[in-house]
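K.L.:
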Amino acid sequence: MNGMALLGIVLIAYAGFCVFAALKKPPAIWEMGKIKLFRKFLGETGTVVMFLVIGATALGFGIWLLAR
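Residue numbers for the sequence shown follow the working numbering, so the first one is 6 and each next one is one higher.
1) With a cut-off of 8 angstroms on the beta carbons, I'd call residue 63 and residue 16 a contact; round off their distance for me.
2) Under a CB-based cut-off of 8 angstroms, is residue 8 close to chain D?
3) Just to check my reading of the structure: residue 13 and residue 71 have Cβ atoms closer than 8 angstroms, yes? What is that Cβ distance to the nearest angstrom?
4) If we call anything under 8 angstroms between Cβ atoms a contact, is residue 52 one with residue 34?
5) Is it right to say residue 48 is buried, meaning 16 or more other beta carbons lie within 10 angstroms of its own, or is it exposed?
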């Protein structure tokens with residue numbers, strides 16, 4: 006396994022974490038200062054969408070790195 010494949014696996018795991026954080030809204034994550042700031046500027050729905058977009062992007066790059 007080379008470094009790019011490992012990075013792809015890490016990105017896929019990160020995508021899963023982003024989706025989990027967006028859908029389940031665990032208080033340990035949702036009450037962090039940076040996330041509160043996102044919620045203030047983007048709103049609750051905007052923050053969820055941001056997490057989902059970041060997760061989808063990480064998933065896409067992770068799959069692309071594994072397929073190379």
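All C-beta atoms in this analysis are idealised placements derived from N, C-alpha and C, irrespective of residue type, glycine included.
P.N.:
Looking at the atomic coordinates:
1) For this step, residue 63 is matched to residue 58 along the sequence shown. For this step, residue 16 is matched to residue 11 along the sequence shown. With 8 angstroms as the limit, residue 63 and residue 16 qualify as a contact, their Cβ atoms being about 5 angstroms apart.
2) You won't find chain D in this structure, because it holds only one protein chain.
3) Sequence index remark: in the sequence shown, residue 13 carries index 8 (1-based). Sequence index remark: in the sequence shown, residue 71 carries index 66 (1-based). The C-beta distance from residue 13 to residue 71 rounds to 4 angstroms, short enough to fall under 8 angstroms.
4) The count along the sequence shown starts at 1 and reaches residue 52 at position 47. The count along the sequence shown starts at 1 and reaches residue 34 at position 29. One thing to note: residue 52 has its Cβ no nearer than 8 angstroms to the Cβ of residue 34.
5) In the sequence shown, counting from the first residue as 1, residue 48 sits at position 43. The residue in question, residue 48, is exposed, as its Cβ has fewer than 16 Cβ neighbours within 10 Å.
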